[in-house]
Every structure is written in C-alpha cells, then in structure tokens.
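Okay, so here's the structure we're looking at.
There are 2 protein chains.
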Amino acid sequence: MTEVIEPAIETVTIDVVLSALADPVRLTLVRALDAAGDWTCGSDVLQETGLTIGKSTLSHHIKVLRDAGMIRTRVNGTRRLVTLRYAEVEQRFPGLLTMLRGDGPSRCAAKAPSSTA
Amino acid sequence: MTEVIEPAIETVTIDVVLSALADPVRLTLVRALDAAGDWTCGSDVLQETGLTIGKSTLSHHIKVLRDAGMIRTRVNGTRRLVTLRYAEVEQRFPGLLTMLRGDGPSRCAAKAPSSTA
DNA sequence: TCCAATGTTCGATCTGCATCGTACTGTTTG
DNA sequence: CAAACAGTACGATGCAGATCGAACATTGGA
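The structure is reproduced here in structure tokens:
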C-alpha cells in the first residue's frame, strides 16, 4: 500500500488551494469525497458524480487536488484509493471544508430576505 | 452617495467566490482592502499594491469581486470608494477572510515537520 | 507467461479569461 | 458651456489551463 507523494500540509498555500477549488469539476470531486465519507476509487467517482470526462482528465484533476494538499492517493494493487485529507485541511484552513459543503450550485434557495435590490 | 448594485450576501455561492479569489490580482486587491481598510478605486490602489495593470483591467477585477459579494462600491462624486464587505462575508463564510490573510505567496516557511516523504 | 484492467503521461487542441487600448459616461470646476 | 478627470464598456488579442486520445506503465489473474 504505497502512498503517492503529497505536500506537507504546512507548505500548502491558500493561493494554490483557491486555484484548485476554482474549477467546477474539482469542486465536485471534493464534495463527493466529503459526502461519500472515506474512500472513493478513481473511475467509480465518475459514475457516482455523473461527471462526463475522460479518465486522463480525471487523472489530471486528481493530481491538481493532490498538489494542493486536499486529497491523498494510496496505491492498492491496480487501483488508486483517494481520500480527503480532512483533519489536516481543517487544521490548516479552519472552516474551508464546511463552506464548500454549504453551497450546491443550485441549492440554498430556501429563504432569501427581501433585500434583493 | 449612490451605491453600485451588489448581490445580497445570502445569494452568493462559494463557487463564485472561489472563482473570484483564484486570480492573483484579485487576491492582492482583497488582501490590500483587508489590511488597509477603504480606499479609492483609481491609481491609488495600483500604487499602493504595486500592481502594474491598466485601469480598465482594474475596473474589470473590481466588478468580478463585487459580483462575488466580496466588496462594495460607493460613488462619491467622480470617484468610486471600495470597501470589503467584512461582516457579511464573515457571516456567510466564516473563516474565509482569515485564511486569506494567513498566507503570503512565499511566507510560512517556519516549521515543516519531517513528514515530507 | 500472456492478457486484461486501472491509471498515468504525453502531445495536440480548444475554450475561457486576463489584459489592453479606445471610446464613452458622468461629474466637477473654470 | 467646455475642459479635465475618474471610471466603465466594448472589441480584440494572447495565454494558461481544461480536455481528449493514444501510448505507456504496473498489477493481478488465467
């Protein structure tokens, strides 16, 4: 069970994290990991999230998220297991994962105060 | 003292905020606002931040940040005064402004644990 | 050993966005 | 009213990054 190399959480900057999370596909991936709990395997995530991207594109996005310190990749046989670096990210950027969770692209239409002007 | 139209904070999604903050110029602007308080829209900002962009580009970035709910623009005569929507952003996305503050592009080289492998 | 399955790497393409210059709007002042 | 100033709007350009397909590892099993 080798681990793919990843940055120490202390060396991760918010600049890089913001760039990583600015992409809708990567945001979807992180949310899926957060919601689905522990592990999600590479290609399974496409089916689970409904993303329609090629596997090389997925591989690219996973690398970006890993370099941004958000996720961890462990090699298990012929498969890669991906997980959120939950505790570390929460420690380094408190509240970040919570705010990612709150807003789906079209949720949150519950109660809008009348100050829309 | 008219106010330029801005979104209600409740309608702002984290997706839009992340896209807005993913740009280094806009991140610089937000940090400058956070550090210095209010300022005017024009060449003051460029001089203060050391940014070397045209004024139309600056205007563009300010619009993006405003649409993302991060800043407010007030019209005062022939000038525009820009402020950070501090309390509102903090209420909607707790901790966000703090984590923007923490990381300069090259700071934070203090103590890296030996878990780099 | 050979084959199938899973991901990564590489090169090419294409789209979105940052940037710029110019023209335009609105405001203050002479 | 005209001129100067501050900022916006718009069209054009260039580049970074998202995407894809194909070739290349690596592993597990027949």
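Going down the list, the sequences are from chains L and F. The first sequence begins at 1 in my numbering and counts up one residue at a time. The second sequence begins at 1001 in my numbering and counts up one residue at a time. Note that beta-carbon positions come from the ideal geometry of N, C-alpha and C, so glycine has one too.
Check	Outcome
Closer than 7 Å by beta-carbon distance: list the chain L residues that pair up with Gly1054/F, in chain order.	Neighbours of Gly1054/F on chain L: none; closest Cβ ~23 Å, over 7 Å.
Do you know offhand how far Ala20/L's Cα is from Ala1020/F's?	12 Å
Assign Ile71/L to one of three DSSP states: helix, strand, or coil.	strand
So Thr17/L is in the alpha helix (DSSP H); what residue range does that whole segment cover?	For the sequence presented, residue 17/L should be read as Val rather than Thr. Element bounds for Val17/L: 14-21.
So, with DSSP's three-state summary, where would you put Glu48/L?	helix
How many angstroms separate the CA atom of Leu1058/F from the CA atom of Glu1088/F?	23 Å
Let me know the secondary structure DSSP gives Arg1092/F once reduced to three states.	helix
Give a yes or no on whether 9 Å exceeds the smallest Cβ distance from Ser43/L to chain F.	no
Let me check one thing: in DSSP terms, what residues is Glu3/L bridge-paired to?	Arg74/L
Under 9 Å between the Cβ atoms of Val1030/F and Met1070/F?	yes
Report the option in Ile53/L, Arg79/L, Ala35/L whose CA atom is closest to the CA atom of Thr2/L.	Arg79/L
If we ignore side chains and look at the alpha-carbon of each, how far apart do Asn1076/F and Val1082/F end up?	10 Å
Compare the beta carbon distance of Pro94/L and Thr1098/F with 9 Å and say whether it is the shorter of the two.	yes
Whose C-alpha, out of Val12/L, Asp67/L, Leu84/L, Thr49/L, is nearest the C-alpha of Thr28/L?	Thr49/L
Examine chain L for any beta-carbon lying closer than 9 Å to the beta-carbon of Leu1084/F, and answer yes or no.	no
Please identify, using Cβ separations under 7 Å, the residues of the stretch 87-103 of chain L that lie next to chain F, in order along the chain.	Phe93, Pro94, Gly95, Leu96, Met99, Leu100, Gly102, Asp103
State buried or exposed for Thr52/L, treating a residue as buried only when at least 16 other CB atoms are found within 10 Å of its CB.	exposed
On the CB-based measure, 16 or more other CB atoms within 10 Å of its CB, does Arg1101/F come out buried or exposed?	exposed
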